[in-house]
Amino acid sequence: MSTAQTPPNVLTIAGSDPSGGAGLQGDIKTFSALGTYATNVITAVIAQNTQGVRAVHPIPAEMIAEQLDNLLGDVRIDAVKIGMVASMDVATAIRDALTRYRPRWVVLDPVMVAKSGDILVDRAGIHAVRDVLVPLADVITPNLPEAAVLLGTDTPRTTQAMATLLPELTHLGAPYVVLKGGHLSGNACPDLLATPQGVEWLEAPRIATQNLHGTGCALSSAVTAYLARLPGEANAHADIHAAIGNAKRWLHTALDASQHLDVGQGRGPVHHFHAWW
């Protein structure tokens, strides 16, 4: 267990992003910015930049299992964030490893659709995320296109349609669901939080920026970091709720500070280290 002198250890299981704003690299930046020690297991090598995804090369499930067993057999992991998973074999390998070496917290960001609109996984990958990994997670953080893919429905265009999806998402098995509404139009970004205690809207003003690359990765990894920093005895609803709220506020500031970066010619990244640089 981490103490005041030793930061918690966190793990990202995700694909790579050479531009550094999303995926494995973005998660490591978020973990580090929020005072946790970052470890990682790579699931796919992606040819990607701020303008889109050109190619995806999945890592074999056997190699992912080997990475997980070697890491988890040595390093205490307090919380894990799962990102891009492309196949049932990989999902099963992750589930088996995290069942053997169960961390306190598991956060799943069902990465299936890039900001550019590129679909990153096939139908088997969708089933793997929905049927194997969602029930393993404490918190899932789908955006609207990802929620639609998980449920095999159309992407919501209104807050009313967004709210309609929430009961089906909660039935997939994760006790906490953060349904992100950033794809909707308007001056606010309405996220919908489902917990065992009920449902509530979490709204923040929309920031006028095109630097949206990796925002989903940043939010889910921030939730993971804040959960990892909770005291060892903390598992109450109020603690999880606070971790999610803190993560949203951190991301809002990171988006606002993204204007100070100049990365790429497309959608730039958030400023993970806004509190440090």
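Under this note's numbering, residues 3 to 279 are what the sequence shown spells out, in order. Ideal placement from N, C-alpha and C gives every residue a C-beta, glycine not left out.
Nearest to N189 by C-alpha distance, out of R208, S223, L204 and I96, is R208. In the DSSP annotation of this structure, L214 is not part of any beta strand (DSSP E), being labelled neither H nor E. A206 and L195 have their C-alpha atoms some 13 Å from each other. With fewer than 16 other beta carbons inside 10 angstroms of its own, G234 counts as exposed.
Boundaries for D71: no beta strand (DSSP E) harbours it, while the alpha helix (DSSP H) harbouring it runs A63 to L74, taken from the DSSP string. Taking C-alpha positions only, D124 is separated from Q7 by approximately 44 Å. In terms of Cβ geometry, L135 and I84 form a close pair [threshold 8 Å]. Taken through DSSP and simplified to helix, strand or coil, P192 comes out as strand. By the neighbour-count criterion, in which 16 or more other beta carbons inside 10 Å mark a residue as buried, T166 falls on the exposed side. A distance of 8 Å or more separates the beta carbons of A149 and L110. Between the alpha carbons of A40 and R78 lies a gap of roughly 12 Å. Setting aside the 5 residues that flank it on each side, P105 is surrounded in the same chain by I79, D80, A81 and V82, each with a C-beta closer than 7 Å to its C-beta; the list follows chain order.
Contact annotation: Q267 and Q53 have beta-carbon atoms nearer than 8 Å.
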